[in-house]
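**Student:**
Residue numbers (my numbering): 80 to 517.
#1: For residue 489, is the classification buried or exposed, using 16 other Cβ atoms within 10 angstroms of its Cβ as the cut-off for buried?
#2: How many Å lie between residue 221 and residue 147 at the Cα?
#3: Under DSSP, the beta strand (DSSP E) around residue 346 begins and ends at which residues?
#4: Quick check: the Cα distance between residue 423 and residue 189, rounded to an integer number of angstroms?
#5: In this structure, what does DSSP give as the bridge partners for residue 88?
#6: Pick from 162, 311, 91 and 137: whose alpha carbon is nearest that of residue 104?
#7: Going straight from the alpha carbon of residue 239 to that of residue 425, what length do you get?
#8: Which ranges would you report for the beta strand (DSSP E) in the segment 273-315 if only whole runs of at least 3 residues count?
#9: What residues in its chain sit with their C-beta under 6 Å from that of residue 231, if we drop five residues either side in the sequence?
#10: Work out the CA separation of residue 180 and residue 164 for me, nearest whole Å.
#11: Closest to residue 259 by C-alpha separation, out of 115, 207 and 320, would be which residue?
#12: Taking the C-alpha atoms as reference points, what is the distance between residue 385 and residue 350?
#13: Rounded C-beta distance between residue 326 and residue 371? I'm assuming under 8 Å.
#14: Would you identify the three-state DSSP class for residue 120, choosing helix, strand or coil?
#15: Residue 217 by DSSP, collapsed to three states: which one?
#16: Enumerate in chain order the residues of its own chain whose CB-to-CB distance from residue 442 is below 7 Å, with the five nearest sequence positions on each side excluded.
#17: Could you tell me which of 178, 246 and 162 sits nearest to residue 203, measuring between CA atoms?
#18: Can you find the residues in the same chain that come closer than 8 Å, C-beta to C-beta, to residue 407, ignoring five residues on each side of it along the sequence?
#19: For the pair the segment 372-379 and the segment 412-422, tell me if three or more CB-CB distances fall below 8 Å.
#20: How far does the beta strand (DSSP E) with residue 419 in it extend, from its first residue to its last?
#21: Measuring alpha carbon to alpha carbon, tell me which of 420, 436 and 437 ends up nearest residue 429.
#22: Along the chain, where does the alpha helix (DSSP H) that runs through residue 452 open and close?
#23: If you draw a straight line from the alpha carbon of residue 318 to that of residue 462, how long is it in whole angstroms?
#24: Is residue 436 helix, strand or coil when you go by DSSP?
#25: Return the CA-CA distance between residue 340 and residue 199, expressed in angstroms with no decimal places.
#26: Are residue 322 and residue 355 closer than 8 Å when you measure CB to CB?
#27: Distance check for residue 374 and residue 412, CA to CA, integer angstroms please.
#28: Does DSSP put residue 317 in a helix, in a strand, or in coil?
#29: Take residue 301 as the anchor and find which of 160, 330 and 314 has the nearest alpha-carbon.
#30: Determine the extent of the beta strand (DSSP E) in which residue 205 is found, giving its start and end residues.
#31: Could you tell me which residues DSSP puts in a beta bridge with residue 195?
#32: Within the same chain, show all residues whose beta-carbon is closer than 7 Å to that of residue 284, passing over the 5 residues directly before and after it, in chain order.
#33: Kindly list the residues whose CB is nearer than 7 Å to the CB of residue 142, restricted to its own chain and excluding five residues on each side of it in sequence; keep chain order.
#34: For the beta strand (DSSP E) containing residue 258, name the first residue and the last one.
#35: Any idea what DSSP makes of residue 425, helix, strand or coil?
#36: Roughly how many whole angstroms lie between the Cα atoms of residue 295 and residue 215?
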């Protein structure tokens, strides 16, 4: 039987009265036994809150509900829970009730940029498709806190079909991002149906799924789910690890299943004060991600949603972290630091400034060490004049894949890629006789 940690055994015993590896690894059991109130949290983790603090915490829960999987709760260090990154991301704080004047319920204007149910169409060639409002855990830093726990926001199949119809009728859409909530909280059958419907749309080239289940509910990544996802390619999955502590043996197994299935994996982290606002933490996170075949994709500045002010850092902290990564580790291990602009302006990359100065023929650059160097511009460069008359352009604008060479003659006989055994001249009399008899 697979061994559990001491904290996992304690939680199982509190719920079931006995240890059972199959029970613990059953994702539906994890959801059924999600921790949704303070008394249950205290019972299962052994953490005790003073009565006065409990009363304040309950006020927070009245506005922003709590739901933590037993698995994720088992990662909390009860000896130092107040500084624990897992605790801070999963357990409510009275600071969530502090709303600044500049904070917004829908800071990214996802609802205003919604031309159809569940659809946010902000960028020209891609849409966000809100297909589920159910989460395996309610993250305290969620930008969609306005929808958490509200059953009125759970989209019906009728609404989903309206979203699919919008995608069908909008030919510029080539990329569909399924989001939520968490799409993986839907059943395998429902996800299969949803992906199949989107695949029928000729102009959709790729589908992405945004999920946090590998972090907070890794047992949801079942063999059955992975086998189904393998049938729907090209498919990309972005997950949401914020701290190295979240990359456990269980989460690594979940990521391995997805990567072994040939599904490209990315990660979107959020920069959170007193959770991961440290160059060492983010670097270690990025290294552990690439070890698990997950590309660090974005590092988000925390949004201006209600109740998140205690999580926000200055932008300068993010710049400092990126400075600690570029040149100091592999390029593919460096995420893009972005601010998702308030009001629906989209993601804006924020980078340290590596251009010191430039003139008409030189660019002065500095590297990660502080070395300042010169890049010489070409003495002569004639730009291709573009009047949008593509048929007259000298550039090769056949943008489809180039045709591969087809072997002919003796080369064809020598090739292992062709099963032809003989080359027979046209009009061969012997072959003509055969045809007469056939």
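We put the beta carbon where it would ideally sit given N, CA and C, even for glycine. Computed from a prediction, not measured in an experiment: that's the story for all the values here.
**Tutor:** Working from what's here:
#1: Label assigned to residue 489: exposed.
#2: Going by C-alpha positions, residue 221 is about 14 Å away from residue 147.
#3: Going by DSSP, residue 346 is part of the beta strand (DSSP E) stretching over 344-350.
#4: Each residue's Cα considered, the two are about 7 Å apart.
#5: DSSP, once it has assigned bridges, lists no residue as partnering residue 88.
#6: Per the Cα distances, 91.
#7: Their backbone Cα atoms lie some 24 Å apart in a straight line.
#8: Runs found: 285-289.
#9: Reliability of the predicted coordinates at residue 231 is poor, the pLDDT of 47 falling under 50, and the value obtained from them is presented with this limitation in mind. If we look at residue 231 and ignore the five residues flanking it on each side, it has no Cβ neighbours.
#10: When the Cα atoms are used, residue 164 and residue 180 turn out to be separated by approximately 27 Å.
#11: In this structure, 207 is the residue among 115, 207 and 320 with its C-alpha nearest to the C-alpha of residue 259.
#12: Distance between the alpha carbons of residue 385 and residue 350 is about 16 Å.
#13: Right, their Cβ atoms sit about 7 Å apart.
#14: In this structure, residue 120 counts as helix in the three-state DSSP scheme.
#15: Looking at residue 217 - three-state DSSP - the assignment turns out to be coil, as it is neither helix nor strand.
#16: Correct list, in chain order: 434, 454 and 456.
#17: Relative to the Cα of residue 203, the nearest Cα in the group 178, 246 and 162 belongs to 246.
#18: Excluding sequence neighbours, residue 407 sits near 362 and 447.
#19: Short answer: they touch.
#20: Where residue 419 is concerned, the enclosing beta strand (DSSP E) stretches over 415-420.
#21: Comparing Cα-Cα distances from residue 429 to each of 420, 436 and 437, the minimum goes to 420.
#22: Looking at the DSSP string, residue 452 is not in any alpha helix (DSSP H); the run it does join, the beta strand (DSSP E), is 451-455.
#23: Near 41 Å, if we compare the C-alpha coordinates of residue 462 and residue 318.
#24: The answer is strand: DSSP assigns residue 436 an E or B state.
#25: Roughly 29 Å separates the two Cα atoms.
#26: In this structure, residue 355 lies closer than 8 Å to residue 322 by Cβ.
#27: About 7 Å.
#28: Looking at residue 317 - three-state DSSP - the assignment turns out to be strand.
#29: Answer by Cα proximity: 330.
#30: Run containing residue 205: 205-209, per the beta strand (DSSP E) assignment.
#31: Answer is 198.
#32: So the qualifying residues of the chain are 253 and 254.
#33: So the qualifying residues of the chain are 176.
#34: Taken as a continuous stretch (DSSP letters only), the beta strand (DSSP E) holding residue 258 covers 254-258.
#35: Under the three-state reduction of DSSP output, residue 425 falls in the strand class.
#36: Distance between the alpha carbons of residue 295 and residue 215: 7 Å.
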